[in-house]
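Last residue of the sequence shown: number 659 in my numbering, and the count goes up by one each step with no gaps.
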Amino acid sequence: MARDVFAPHHVHLFRIHPARRLPRLYPLLPVLCVLTVAGGCVEGEQGVIRVNQLKFTGVKAVKEGQLRAALATVKSSKLPWGAKHYFTRDRFDADLKRMTAFYRDRGYSDAKVKTFDVKLSPKQDAVDITVNIDEGQPTVVESIEFNGFDVIPAGHFAELKNRIPLKAGQPLDRALAQVTRETALDEVKDHGYPYASVRLTDRIGSNDHARVLTISTTPGTLARYGPIEITGNSSVSDAVVLRQLTFRPGRRYRLSNIEESQRKLYQIQTFQFANIEPEVPEGQQPELVPTKVTLTEGKHRKVNFGVGYGSEEKARTTIDWRHVNFFGGARTMQITGRYSSLDRGIRANFKQPAFPAPRYGLTLSGQTWHNDEPAYVLDTQGGSVTVERPLARPGPFSQRLATTNLAFTYTNQYERYSVTPEALADPTFRNTLIALGLNPETGTDRGLLSSLAFDIRRTTAESQVNARTGYVASAHIEEAGNVVGGKYKYWETILEGRGYLSLGQRALVAVRARGGSIRASGNQDANIPFFKRYFLGGASSLRGWGRFEVSPLTEQGSPVGGYTQLETSAELRVPVWGSLSAVAFADAGNVWGNAWDFNLNDLRYDIGPGLRYNTPVGPIRVDLGYQLNPIPGLLVNGKEQTRRVRFHFSIGQAF
Numbered sequence: 005m006a007r008d009v010f011a012p013h014h015v016h017l018f019r020i021h022p023a024r025r026l027p028r029l030y031p032l033l034p035v036l037c038v039l040t041v042a043g044g045c046v047e048g049e050q051g052v053i054r055v056n057q058l059k060f061t062g063v064k065a066v067k068e069g070q071l072r073a074a075l076a077t078v079k080s081s082k083l084p085w086g087a088k089h090y091f092t093r094d095r096f097d098a099d100l101k102r103m104t105a106f107y108r109d110r111g112y113s114d115a116k117v118k119t120f121d122v123k124l125s126p127k128q129d130a131v132d133i134t135v136n137i138d139e140g141q142p143t144v145v146e147s148i149e150f151n152g153f154d155v156i157p158a159g160h161f162a163e164l165k166n167r168i169p170l171k172a173g174q175p176l177d178r179a180l181a182q183v184t185r186e187t188a189l190d191e192v193k194d195h196g197y198p199y200a201s202v203r204l205t206d207r208i209g210s211n212d213h214a215r216v217l218t219i220s221t222t223p224g225t226l227a228r229y230g231p232i233e234i235t236g237n238s239s240v241s242d243a244v245v246l247r248q249l250t251f252r253p254g255r256r257y258r259l260s261n262i263e264e265s266q267r268k269l270y271q272i273q274t275f276q277f278a279n280i281e282p283e284v285p286e287g288q289q290p291e292l293v294p295t296k297v298t299l300t301e302g303k304h305r306k307v308n309f310g311v312g313y314g315s316e317e318k319a320r321t322t323i324d325w326r327h328v329n330f331f332g333g334a335r336t337m338q339i340t341g342r343y344s345s346l347d348r349g350i351r352a353n354f355k356q357p358a359f360p361a362p363r364y365g366l367t368l369s370g371q372t373w374h375n376d377e378p379a380y381v382l383d384t385q386g387g388s389v390t391v392e393r394p395l396a397r398p399g400p401f402s403q404r405l406a407t408t409n410l411a412f413t414y415t416n417q418y419e420r421y422s423v424t425p426e427a428l429a430d431p432t433f434r435n436t437l438i439a440l441g442l443n444p445e446t447g448t449d450r451g452l453l454s455s456l457a458f459d460i461r462r463t464t465a466e467s468q469v470n471a472r473t474g475y476v477a478s479a480h481i482e483e484a485g486n487v488v489g490g491k492y493k494y495w496e497t498i499l500e501g502r503g504y505l506s507l508g509q510r511a512l513v514a515v516r517a518r519g520g521s522i523r524a525s526g527n528q529d530a531n532i533p534f535f536k537r538y539f540l541g542g543a544s545s546l547r548g549w550g551r552f553e554v555s556p557l558t559e560q561g562s563p564v565g566g567y568t569q570l571e572t573s574a575e576l577r578v579p580v581w582g583s584l585s586a587v588a589f590a591d592a593g594n595v596w597g598n599a600w601d602f603n604l605n606d607l608r609y610d611i612g613p614g615l616r617y618n619t620p621v622g623p624i625r626v627d628l629g630y631q632l633n634p635i636p637g638l639l640v641n642g643k644e645q646t647r648r649v650r651f652h653f654s655i656g657q658a659f
């Protein structure tokens, strides 16, 4: 006989009777005596008996961290300033019931708490709790049957069977069963059946611990989109809103169109609220589905002002003005001014959506900018034109938010730059200055940089500021001079990958690898401007060194950059208390003097600890890097560097 998987259970959980049910409860008796003397004051969180340890034995089939997260009894922090959690009998009794319910929801209906020990410390102010769990034999999905899914094309049906999280051979997990039902329902709705329903039932299989799962759908009426009603767009035209919608009246109804259209409405930043929903009278299933788009416009003009401090930038100030409906049409205009010891200037960006085609976007940028780096000083005036296109977007039912973007950029900028006085004063560097096309007396050069660039970026990370899962992969290819003119002529390629892996509920490992090379056309070094040379070291690079300290050196020891770079980093990030977390990191990398020429035996290594404090604008970051293999003869500001430790303070993760 089949039964609904989500039918409520009538579970009779035992009540604890020390003498009968759990014979090893005798260590709890001293605790109960203390509770009797202490009275009601121990019942609240401000108790007198602290939970020192909470251990489990017999936990194999589930993640212990998930089991702990389901309980109200929590062990106290070992740190003096950490959170303290106290023991109460009522709470612990309830947790014993939660443990069996936790297992039952994951397909282990025979699981039970065999015994537990609650040991009072000699000072009678803390307890160590050990819970022994017998998981029992799981109830396993023997097979899965589908009924009514012939309305879905065969290829999509095969993909659905692969995509559902609950598979044959797995325990009958209620949460996975719920996701399986929702996934199947969304798939049917995405093929023109907005009124569909899906039901999961199970029956006994070949034995008492085997279940045959049946997923049945009643698709209802095959429907198409009907009239579209738009409300709330006071200053944005209906045409702009319709441009963001991926469906039109008369087309087959698809749930993915609704969710993708809603995402695109938020993407243009004009609306504070956007909702799209079918409007169908209750109990009816019309073939044409009317759709209502409800919008609330946000403020079109926004001004942000910020100040900050970093170990490299020192004090910095930023002011940003943005208009998200510039002359209508959901166009965006942004002007940013910034001042710090590293860089300062003004930038302007204009974005035109749906140009030159509906799925494209156009960005015009201009700037006057000054960079004061340890190796050079650079002044830039000019602009760029970028055409972007999303190549792939996350599907409405995808488990990861995979996004792929392409960008083509034309840049035209006038550059004026000079090397540092230390490099200019180095007589061994004079011939190199001449080969690079710089004035050997002043160390300066100027010229027009005109280039074409292609960028592709794919990400599954859920956050661009503080990611915990997923990855980011990107590639940049740039060609200057040969096609679009200008003084400088080169080819540049940069590849980068970042990955984030959660360890349990709290800790995570983050890794990064980045490599790049730049080659002059005609093998003439003068075709590559000095500011395009690669340097490593700093708050977001090899943290055992300061900014721009890792690169090929002059004979006297001044860093002068190179044409090939390679760097890797790894971090273990562990929460400590509240918004504070600790980090252990390791970096490796170097820069080589020739294009596409590197030797892994030359890598520089550093390790160190760090701290992160989460804020609304990103983590405050403190890192202390230690050089494992210092660079012999390195000069910084004309002085030999003997320190092997560097301190970095900044905002945002290193990667």
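C-beta: ideal position from N, C-alpha, C; glycine also. All of these numbers come straight from a predicted model, not from anything done at the bench.
- Separation of L557 and A465 (C-alpha to C-alpha, rounded to the nearest whole angstrom) is 38 Å.
- If you ignore the 5 residues before and after F106, its C-beta comes within less than 7 Å of the C-beta of L71, A74, all in its own chain and listed in chain order.
- Within the same chain, Cβ atoms closer than 6 Å to the Cβ of K118 are found at N136, D138, the five residues on either side in sequence being excluded.
- In this structure, P231 lies away from Y197, with their beta-carbon atoms at least 9 Å apart.
- Beta bridge pairing from DSSP links T300 with F277.
- Comparing C-alpha distances from F354 to each of Y364, E377, S345, F330 shows the shortest one belongs to F330.
- The C-alpha of T408 is placed about 31 Å away from the C-alpha of G236.
- DSSP places V488 outside any alpha helix (DSSP H), giving it a letter other than H or E.
- Linking P563 to E445 through their CA atoms gives a straight-line distance of about 19 Å.
- Between D347 and Q266, the alpha-carbon positions lie close to 38 Å from each other.
- Three or more Cβ pairs closer than 8 Å define a contact, and the region 532-541 meets that threshold against the region 560-578.
- Take the alpha-carbon of V578 and the one of L395: they are about 35 Å apart.
- By the Cβ test, the region 448-462 is in contact with the region 407-424, since at least three Cβ pairs between them sit closer than 8 Å.
- Counting other Cβ atoms within 10 Å of its Cβ, W85 stays below 16 and is therefore classed as exposed.
- DSSP, read as helix, strand or coil, puts Y199 in coil.
- About 5 Å separates the Cβ atoms of I219 and F150, confirming a contact at the 8 Å cut-off.
- Selection N261, E68, R247, F309 evaluated against A361 yields R247 as nearest (Cα-Cα).
- In this chain, the beta strand (DSSP E) harbouring D591 covers 584-596.
- With 16 or more other CB atoms across the displayed protein chains lying within 10 angstroms of its CB, F433 is buried.
- DSSP, read as helix, strand or coil, puts R650 in strand.
- For the region 107-172, the full-length alpha helix (DSSP H) segments reaching 4 residues or more read 158-167 along the chain.
- With respect to T184, A200 sits apart: the two C-beta atoms are not nearer than 9 Å.
- Of the other Cβ atoms in all chains shown, fewer than 16 fall within 10 Å of the Cβ of D242; this residue is therefore exposed.
- A130 and S81 have their C-alpha atoms some 12 Å from each other.
- Per the coordinates, the alpha-carbon of T295 lies some 13 Å from the alpha-carbon of T250.
- Judged by beta-carbon spacing, G629 lies within the 9 Å limit of G548, meaning their Cβ atoms are closer than that value.
- When the five nearest sequence neighbours on each side are left out, the beta carbons in the same chain lying within less than 6 Å of the beta carbon of I498 are those of H480, G520, in order along the chain.
- Going by DSSP, L456 is part of the beta strand (DSSP E) stretching over 448-463.
- Secondary structure within the region 204-264: the beta strand (DSSP E) runs of 3 or more consecutive residues, fully enclosed, are 214-222, 228-235 (chain order).
- Contact between the region 445-454 and the region 413-427 is established, with three or more Cβ pairs separated by less than 8 Å.
- Boundaries of the beta strand (DSSP E) around Q371: 365-376.
- Rounded to whole angstroms, the Cβ separation of T336 and G302 is 13 Å, and the two are not in contact under 8 Å.
- In this structure N308 is exposed. Its beta-carbon is surrounded by fewer than 16 other beta-carbon atoms within 10 angstroms.
- Look at Y567 here: in three-state DSSP terms it is coil, with no helix or strand label.
- DSSP, read as helix, strand or coil, puts N603 in coil.
- In the three-state DSSP reduction, Q57 falls in the strand class (E or B).
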